[in-house]
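Everything below concerns the one structure shown next.
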């Protein structure tokens, strides 16, 4: 139970850092923690944003620790995860009636060093499709 709670806090911190980072880069945040509302729950997209009239679905992976000691957060973005993100994104596009809009997927790999209270963000643009 404690491990899940810590992971949840780390995830929330990463998403907050990710939203701030994206806003600074000119993205408009449309929603966070999107889950499909129709049919079987498929999962969640961390951040749905917009930039230059394109929709951007963003997966955020966060780890705590020293930058040089942490395994790259994006290593957990597997083919299966990407497939799931694509299915959830399709639900979002249908739900918002914007299937004709251009969209793509990004990832934010965040390492947060609590000792120095600093986040290191790596933005992986157009990760597939």
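Residue numbers (the numbering used here): 2 to 130.
Positions of the beta carbon are idealized from the N, C-alpha and C atoms, including for glycine.
In the three-state reduction of the DSSP assignment, residue 64 falls in the strand class, which pools E and B. Pairing residue 17 with residue 122, the inter-Cα distance amounts to about 12 Å. The continuous alpha helix (DSSP H) containing residue 85 extends over residues 80–96.
Taking 8 Å as the upper bound for CB-CB distance, residue 93 and residue 49 are in contact here, some 6 Å apart. Taking C-beta atoms as the reference points, residue 30 and residue 64 fail to come closer than 7 Å. Using a 10 angstroms sphere on the CB of residue 20, the tally of other CB atoms reaches 16 or more, which defines it as buried.
Each residue's CA atom was taken as its position, placing residue 96 and residue 116 some 42 Å apart.
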